[in-house]
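In this note's numbering, the protein residues as written are 5 to 327.
Every residue gets a Cβ at the ideal spot worked out from N, C-alpha and C, and that includes glycine.
From a predicted model like this one, the values you see are computed outputs, not experimental measurements.
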Ligand SMILES: [Zn+2]
């Protein structure tokens with residue numbers, strides 16, 4: 005991504021169109037919102053308050069939600085809610101959509117993944133050609149870094165007998181539409197766009213994954229004035245996106261050991277137009293001195309590639325297990 009979009013994103017993190025009014029009106033677990041107590045009951049989790057966090061836990065999983073914020077964590081990995089959790093009497097509430105299309109697909113993926121086993125993965129190395137993407141202090145271009153990572157992911161997946169195609173194989177610039185059209189033409193079962201980040205603030209660092217925003221909600225990152233709420237064409241795989249996105253972010257963190265910026269929502273063109281479950285990975289900040297140096301090393305790019313291929317293989321495992 006580019007610094008201008010990052011700045012807009014930061015200034016808009018607190019702007020929560022689509023969240024305000026109904027949240028204030030809602031009083032119970034019916035309708036648009038659900039209480040954390042209700043969610044804890046579904047999972048047979050113990051619930052306790054720890055500072056600003058509600059912590060829910062059973063033998064297998066831990067779910068944490070921060071009150072008055074959009075942060076939640078599943079087993080320590082951050083995922084962003086569409087709308088902040090809020091106190092209503094004795095209850096803490098979240099949007100039903102954040103439960104049904106975010107948390108529950110991760111915790112009970114077997115209900116949500118497609119019934120047919122995935123066969124073909126399309127990897128999308130971002131940018132290319134005239135579009136360099138982000139640039140590090142050492143003049144390393146995002147377009148080069150992500151192509152190298154994509155080839156490494158391809159190798160790992162093919163070693164595991166998973167078929168892979170790339171939206172670009174060299175220094176070319178397919179349009180965003182051409183990238184998702186290609187995925188459609190070849191019958192992709194998964195679409196994974198690979199990027200490295202750029203920000204005006206060099207201290208920004210860490211790894212993050214994006215899935216498309218659920219219809220009817222503003223994207224967390226919609227590039228400027230005005231909302232981009234649906235109805236509009238949108239990827240119709242909300243639940244599988246969440247399963248894939250969470251597997252991706254968890255495995256990326258495990259392999260890179262970088263700061264967790266979370267599984268986020270953005271209605272990026274390649275995500276919303278993908279014909280299959282889709283995720284966009286940001287593999288570190290080229291504009292951060294430390295991560296800029298890391299992204300220039302084969303070792304780090306290999307760690308990112310392992311994270312991505314393990315994220316994909318994790319999704320495959322969940323689909324096969326659910327059948
Ligand atoms: Zn990019």
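Could you tell me if residue i is buried or exposed, where buried requires 16 or more neighbouring beta carbons within 10 angstroms of its beta carbon?
{"i": "residue 184", "result": "buried"}
{"i": "residue 174", "result": "exposed"}
{"i": "residue 311", "result": "buried"}
{"i": "residue 26", "result": "In this prediction, residue 26 scores a pLDDT of 48, lower than 50, which makes its location untrustworthy; the coordinate-derived value is nonetheless stated afterwards. Under this definition residue 26 is an exposed residue."}
{"i": "residue 166", "result": "buried"}
{"i": "residue 105", "result": "buried"}
{"i": "residue 62", "result": "exposed"}
{"i": "residue 281", "result": "buried"}
{"i": "residue 324", "result": "exposed"}
{"i": "residue 291", "result": "buried"}
{"i": "residue 327", "result": "exposed"}
{"i": "residue 235", "result": "Model confidence at residue 235 stands at a pLDDT of 47, short of 50, so the residue's coordinates are unreliable and nothing is read from them."}
{"i": "residue 301", "result": "exposed"}
Residues bridged to residue i by DSSP?
{"i": "residue 92", "result": "95"}
{"i": "residue 159", "result": "BP columns for residue 159 are empty, so no partner."}
{"i": "residue 69", "result": "58 and 76"}
{"i": "residue 132", "result": "135"}
{"i": "residue 52", "result": "59"}
{"i": "residue 145", "result": "139"}
{"i": "residue 127", "result": "170 and 196"}
{"i": "residue 37", "result": "99"}
{"i": "residue 83", "result": "76 and 267"}
Just tell me which of the options has its CA closest to the CA of residue i.
{"i": "residue 253", "options": "246, 244, 40 and 267", "result": "267"}
{"i": "residue 99", "options": "83, 38 and 68", "result": "38"}
{"i": "residue 135", "options": "151, 110 and 48", "result": "151"}
{"i": "residue 212", "options": "181, 261, 238 and 241", "result": "261"}
{"i": "residue 285", "options": "124, 157 and 58", "result": "157"}
{"i": "residue 303", "options": "291, 107 and 259", "result": "259"}
{"i": "residue 45", "options": "67, 57, 197 and 56", "result": "67"}
{"i": "residue 160", "options": "309, 321, 322 and 52", "result": "309"}
{"i": "residue 187", "options": "287, 176, 83 and 128", "result": "128"}
{"i": "residue 141", "options": "181, 203 and 112", "result": "203"}
{"i": "residue 86", "options": "139, 73 and 133", "result": "73"}
{"i": "residue 118", "options": "148, 59 and 243", "result": "243"}
{"i": "residue 313", "options": "297, 238, 207 and 154", "result": "154"}
{"i": "residue 101", "options": "207, 84 and 124", "result": "84"}
I'd like to check one pair, residue j with residue i: are the Cβ atoms closer than 7 Å?
{"i": "residue 289", "j": "residue 201", "result": "yes"}
{"i": "residue 248", "j": "residue 218", "result": "no"}
{"i": "residue 172", "j": "residue 190", "result": "no"}
{"i": "residue 295", "j": "residue 209", "result": "yes"}
{"i": "residue 2", "j": "residue 116", "result": "No statement about residue 2 is possible, as the shown extent of the chain runs from 5 to 327 and does not include it."}
{"i": "residue 81", "j": "residue 197", "result": "no"}
{"i": "residue 57", "j": "residue 70", "result": "yes"}
{"i": "residue 132", "j": "residue 147", "result": "yes"}
{"i": "residue 318", "j": "residue 239", "result": "no"}
{"i": "residue 113", "j": "residue 322", "result": "yes"}
Contiguous beta strand (DSSP E) assignments of at least 3 residues, all confined to the segment 262-296
264-269 and 282-289
Uninterrupted alpha helix (DSSP H) stretches inside the segment 146-215 (no shorter than 4 residues)
146-163 and 180-190
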